[in-house]
Each structure stands twice: as C-alpha cells, then as structure tokens.
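Scroll down for the structure; my scribbles are underneath it.
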Amino acid sequence: MKTTSLPSPVPTRPRTVLIGSLLASSATFIAFCSLVALYVRHRQQARIVGQDWFTEGSLQLGPASMMLMTLLLSVVTVQWAVQSAKTEDRPHQFMALGTTLLFGVAVLNQFWFVYQDVGLAIDDSKAALFFYVVTGAFIAMLVVAMIAMIIATVRSLAGTFGKELANIVQASAFFWHATVVCYALVWYTVFVTK
Amino acid sequence: MSFPSFPPMTASSTSYQNTMTAMMQPASTNDHTLIGRIAAQGKRSLSLRSLVATSDHILIGRMFIVLSLLCAFATAVLGVLLRIEHIAHLFRLRADHYSFMVFDDPNNWFRMWTLYRMSFIFLVLLPLLIGLGMTIIPSQIGADVLAFPRAALGAFWCWLIGATIMVVSVLGGGGWGSLYHVTPDNTDAVSLTLLGTGMTICGLLLAALVIATTIISLRETGMSLKNVPPFTWSMLVASVVWLTTFPIVIANIALIYTGLHGGQATSFAVSEDENIWLQLDWITEPPAVYALAIPALGIILELLYAASGRKAPWPTFGAIAVGLFGFLSIGGWLQDFFVAGNLTADGMPVASDPRYQLPYVVFAMAIMLLVFAFSANMFSLPRVKNTRTASLTLMLVAATVFGALRVLEPFELLESTITTSVFNALAVAGIIAAVAGICHWSYQLFGVTLVPEKMNQIILILLLTGGLCLTGADALSGVLGADSFVLLPEVALDVESPLSSQVEAQHVSSAFVQTFDTGSIAAFLTFASCLGLSLVAAGLLMLSIEALTTFGRTPQQVTAHTPSQEMASTT
C-alpha cells in the first residue's frame, strides 16, 4: 500500500490549558508593562524638574541581581519539569517542580530582605509608592505562578500522568517564564537605572 | 409568510446541518442536540442552585444577556436624568439660579456622569456581547462546550458581584475621583468603587479569555481560523483586543488604590491633578472605545450572509477589515498621562500630529470599505434583516466618521462634545448589534423567537432614531463649540475646589454660553439628545421585558415552541 494513499493525520489542536495560560500570561504581562511605563514616566518627570527619585544608595543592586540569578535558574528547572512530564519521568518531575518552588520561596525571602534594607515607608514619596506597587505586583504574579506549580505537583502526586499533566506543567511553565521576564523588567527599570 | 431566524449558512456546515436537523425535530429528553439541551435544561427548571452551579454555556450566556439588558435600561434612564439636569441648568442660567434639580450638588452630578460612561462599557456592552458570544460561538465552531465552563461561570459571578459593588459604592458617595479632593470621608467609598471596577473588569477579562481559548483550541477538526463564521472571528479579535487593553485599566486602578491608602497623593495626570477620572477616561474615548464595537462588525456580516443565503464575495476582505478595526482600537497608549502636554518636534501638540490622526481616518475608511463591499447585497435582503443591518451600519459609520472629524486639524473638535457623540454612537451601535444578534439567534439563546417581527421593527426603529438623535445633537453641539466636559459649571465654581477641572469648567461654561447665546440652541440640542436617549431607553425596556419573560419561562412553554411548530404557525 502506498503511503500517499493513506488518509492525512487528524490535525492536532493547540492545547486548551496552554492557550489559556498564554492569553492569561499576555494580559498579566501587559498590565505589568503598563505599571512599569507609569513608573518610568513619573521618574522622568521628577528628573526633568530636578528632583531626586530615590536618595543615593537607598536601593542596592546586589540583592536584586541575586534574585534575577535565582529566577534565571528557575527557568532551567521549570523546563526540566516540562521535559520530565513529557517523558513521564516521575522522580525527575517531582525534583524539578520542588526545586522551582524552592527558588520561588527564595525570591520571596530575598524581597523581604530588600524591603527591610530599603526601609522606605509607602507614603514617604511618590517614588516609594511606585516602588511598592511595582514590586508588589511582581510578588503577586510570582505567588500566582507558584500556586500554578503547586497545582501541577498535586495533580502529579494524585496520579495524573500523560498528555494532560504535561499540558498543565507546560501551561504553568509558560506563566512562570512570563513572571521571570516581568522581574527582568523590574530589575532593569527599578534597580539598575533607579 | 415570515420565517423564524435560523443560524446562518456558514463555513461550519457540518455543525450547521446538525443544528438545522435538530431544530426541525421535536425536542426529547434524551436529545443531546442544541434544542434538546435547551429543553432538557428547561425541564430541570431554573433553580437558584442551577444558576449558581451551572456549567452550561447557554445558561451562562443568557444570564449575562438578561442582566446587561436591565443594566442598559437603567443606564439609559440615568443618561436621561443627566440631560434633564443639563436642560434645567441651561434655563436657570438666565435666572441666575444655580441649584440642582435632580442631583443635589455638582459632585453628585459628576459621579453620575462618570457612572453613565463606565456603566455603558462594563455593565452593558461588554457583558452583552460576551453573553452572546458564550452562547453562540460553541455551536458555530462545532464545540459542545466552552473551553473552561467553570471559569465562565466564575467570570459571570465575579462580574455581577463587582458590578453591584461598583454601582452601590458610587451611589453611596464613591466614584472615580471627585470634583474636589478625595477626602477621608469618601476615601473608603472611592476605594470600594475602584475595587468593584477591578472585579468587574477581571470577570469580563476571564470571560474573554474563555471565549478566545474556545475559538482557538476547540474548533471542529478541519476548520481553520480562516473558515470560522464572521461573528466568531470578530469575537476572537475583540477578546484579544480586550485582553490587551483592559489589564492597563487594572494596573492604573491598582496604582490609584494603593495611592489612596498609602497617603501619597494620586497624581497621575501631567497637570498633577488628583482627579482619578483623568487617568481612566481614555477607555471612554477613541480609539479604545472602538474596541467595544468589534463584534458588531461580525454580526453585520452574519446578517448579510444569512439574508443573502450565500457567502460574501470576498470573505477574507471582511475578516481583514474586522482585524484592522480591532488592531487600531488598541488604545492603552493614549492615556492622558502619556500624551497630554507632549509636543512634537515642531512644537505642536501630539494630538495635532497627522501620525496621531491617521488611525482614526483609517477606521472610517475600513468601515466605509466594508459597507461599500457589501452594499450590493443589501438591496436584495428581506425587509427586517435589512433594517437591522442598515441601522447597525449607520450607527457604526456615524461613530467612525465623527471619530475621524474629531481629530482632523482644521475642525479643532478634539475636546468638543463630538467625543461624547462618538461614545454614544458606539454604545447604541453595540446595543443594536446585540439586539440584532439576539433576534437572529433567539433559538440558540432562548429556544423560541424572542421578539415578534413587528416588535422587533419597533425596537430597532426606537434604537436607531434615538441613537441618531442623540449622537447628531452631541456632534452638532461639538461643531458649534461645546466642550466635551460639559459640567454644570457655575455651581461648581461656588464651591472651594482645588481641581483643574474647575478651571476647565469655567472655560467650558463661558465657551458654552457665549457660543450658544444664552443657551437657547444649547437647550434645544440637549433636549434633542435627551429625547434620543429616552427613545433608546424605551427600546431597551421593551427588549428587557421580553428577555426577562422568556428567561423565566416554564419548561413546557419552551419545549412547546419548537422551531417546526413556530414555522407551522407562521406559515
């Protein structure tokens, strides 16, 4: 039988959870970009009239860069989890998801340190208000990404395997990547260019 | 002889044929087709539990539609009250009497003025079109269910609770800012309004996400995006545009909310003004406001296809026009905060820059081309569908043409009431689109012909006449020099107000009075717009009553009205 006479394969549709995650990530990313744009614009205005945005030395780059490194490492572990879910490699999947969650908790811990170190009150200045809103929005996004990861882990622990779980892990991973990109924006606009 | 509305012959021919077959047969309890499900749903009876816990996309869509129609009527009545206040004010100017007739003080007037706009967007147009989409789209693309049915239900309840909080808090002294400082007395109420607005938008965004995901990933095998029916395509474009526009509002709301509670003044406008509304009003102005009318284009195409009984000569052309319309309506970049006070290299305001004006002209051209491309079909359409399509097209053309005129430099209408005219034209166009859609797909929605043809005609005539009266009067006021922020200014000036709006109000007042010479023409035009809005409200009331009555029908009544029986009765 000639292969050309075989019926064409059934076209596979994009995965529902992944598409939903992609749209949700895009919407969240746009909201975040909007906040960062407002931050930059206000900072620009303050500088045009000769005001200091943050006082010299109030924001340290070291801890912020450490958080970026942690999140970049988590990108690798997230992809590790995705690959493990695809190949149904259970031990590696648990390890990868657990490590990713650990990195997430580490970033939250580092943010706590940054807030203590900065020592700004939210009503100190406009810069302080924007600082807390932008970083607070990121923390909220990170917490949502971690919850998605926990759901994927729980589904895995409950015995869900195969394509469905791989889709869930992949969708969670996509949102995680969007979170890391958002932090890269925060790192550059808030901590590097101050 | 008149026939009930059937789904249009579209690319989804298999699902269409299935639906048609199902419609021509009496419904039975174990029938899994569309009508069967409606009948079965009816047999279960609409208990509170079924409303709270349902995952049936048809029921969720119906809940969205019925509630948003009621909100539409209430909003139109609010608009009429605002216009009555304005007329009363214009007449009292001559007598030097500045008290308010309907609203107690200028701040109340301002709150209702903003509520009217926000309500039309978030409580009327978006939920109405989303409800229509949730109900119709699965059957158009051959899907049994929505992508995330529980999320769809969650979206409805999030929207409903948010909307309730929003309206109650505005009535309780909140709102989107104040003509004066947001004082500690009303900070909580304003915060509650912001919270309600955020919840409402989150619910609508979740619903848009569900619709977009359904269209992308649950289409029938073999149906590419190129082949989806026009309404589905327009809802996909609209959902994506909403998902890229409204998160910006949520970001602004988060910032304002934190600012209110953080003790730092919420100054977001370039003028360091504390008016929260200045940071949010871009969603009521072009181009962002055009995003509300994207599904209307899809409905126009559906009606034309269905009435002519054949596909359009250039289906891709229609899809491109809808896509272009959607792309150009992304308006987050046009916040006052980003553009006000910005000058071009020539020292001109950004708003006068031809590059800024181009999208609006393209808007008008895209719609004109769309109308031109399908006008040949229109003359051969049956009367009712022709009225629907013509009225819808007319309102959309009015909105886009006024939108283009608004920004063209020689006319200098950017800050005039022509902005209000564009908003109102799009609001009425969206409502007419929804009415046309509800009548066209009433079997999928309610299992019966919702509105008899004669009443349908009356409702459409009321909406069209009212819409044209409303938008025409506002546009003419703008051409004659009335400012878009037509406040009741002298009253506001009596009160100590730190807001630049007060300066604006003073300017508006003098311009308004001078231009119209003691307000006689202004009073006439405002009366015309009030009359127009009253007609719209009357049309909405008739439709709301019909929808509400049908929503509460007993199962026997629903199953008794099978399409075959309807056809037999009309033959």
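So the protein lines, in turn, are chains F and D. So the first sequence is residues 1 to 194, counted in this note's numbering. So the second sequence is residues 1 to 571, counted in this note's numbering. Backbone N, C-alpha and C define an ideal beta-carbon position, used for all residues, glycine too. Keep in mind the model is a prediction, meaning the values are calculated, not measured.
Contact of residue 262 of chain D with chain F by beta-carbon distance below 7 Å involves 122, 123, 129. The alpha-carbon of residue 405 of chain D is positioned some 7 Å away from that of residue 413 of chain D. Sequence-distant Cβ neighbours of residue 429 of chain D in its own chain, meaning closer than 7 Å and more than five residues away, are 293, 296, 392, 395, 396, 399. By the C-beta density criterion, residue 261 of chain D is exposed, having fewer than 16 other C-beta atoms within 10 angstroms. Take residue 167 of chain F, set aside five residues on each side of it, and the residues of its chain with a beta-carbon closer than 7 Å to its own are 15, 17, 18, in chain order. Collapsing the DSSP output to three states places residue 416 of chain D in a strand. Neighbours of residue 248 of chain D across chain F, judged by C-beta separation under 8 Å: 30, 31, 34. By the Cβ criterion, the region 66-83 of chain F is not in contact with the region 27-45 of chain F, since fewer than three pairs of Cβ atoms, one from each stretch, lie closer than 8 Å. Your pair residue 249 of chain D and residue 283 of chain D checks out as a contact, with CB atoms roughly 6 Å apart and the cut at 8 Å.
Between residue 298 of chain D and residue 235 of chain D, the beta carbon gap of about 7 Å places them in contact (Cβ cut-off 8 Å). The alpha-carbon of residue 220 of chain D is positioned some 21 Å away from that of residue 150 of chain D. A contact is defined here as three or more CB-CB pairs under 8 Å, and the region 529-545 of chain D meets this definition with respect to the region 459-478 of chain D.
Contact between the region 125-135 of chain D and the region 56-63 of chain D is established, with three or more Cβ pairs separated by less than 8 Å. Chain-ordered, the chain D residues with CB closer than 9 Å to the CB of residue 16 of chain F read 147, 148, 213, 214, 216, 217, 218. In the same chain as residue 370 of chain D, and ignoring 5 residues on each side of it, the C-beta atoms closer than 6 Å to its own belong to 321, in chain order.
Less than 7 Å divides the Cβ of residue 403 of chain D from the Cβ of residue 360 of chain D. A Cβ of chain D is located within less than 7 Å of the beta carbon of residue 27 of chain F. At the C-beta level, residue 476 of chain D and residue 408 of chain D stay beyond 7 Å of one another.
For the 7 Å CB-CB criterion, residue 548 of chain D and residue 66 of chain D form a contact.
For the pair residue 151 of chain F and residue 97 of chain F, the Cα-to-Cα distance works out to about 10 Å.
Around the beta carbon of residue 154 of chain F, fewer than 16 other beta carbons lie within 10 angstroms, which makes this residue exposed.
The three-state secondary structure of residue 300 of chain D, taken from DSSP, is helix. Taking 8 Å as the upper bound for CB-CB distance, residue 27 of chain F and residue 243 of chain D are in contact here, some 5 Å apart.
Cβ contact annotation for residue 433 of chain D (same chain, cutoff 7 Å, sequence separation greater than five): 295, 296, 299, 392, in chain order. Counting along the chain, residue 219 of chain D sits inside no alpha helix (DSSP H), nor does DSSP assign it H or E at all. Pairing residue 480 of chain D with residue 368 of chain D, the inter-Cα distance amounts to about 26 Å.
Interface annotation for the region 132-144 of chain F against chain D: 132, 133, 136, 137, criterion Cβ-Cβ distance under 8 Å. In this structure residue 106 of chain D is buried. Its beta-carbon is surrounded by 16 or more other beta-carbon atoms within 10 angstroms. The contact set of residue 259 of chain D on chain F, defined by CB atoms closer than 7 Å, consists of 129 in chain order. For residue 58 of chain F, the three-state secondary structure derived from DSSP is coil. In the displayed model, residue 176 of chain D falls within coil according to three-state DSSP, outside both helix and strand.
Nearest C-alpha to residue 140 of chain F among F:178, F:91, F:62, F:193: F:178. In this structure, residue 172 of chain F sits near residue 148 of chain F, with a CB-CB distance shorter than 7 Å. Taking the CA atoms as reference points, residue 158 of chain F sits about 14 Å from residue 85 of chain F. When F:193, F:156, F:191, F:175 are compared, the shortest CA-CA separation from residue 89 of chain F is found for F:156. Using a 10 angstroms sphere on the CB of residue 252 of chain D, the tally of other CB atoms reaches 16 or more, which defines it as buried.
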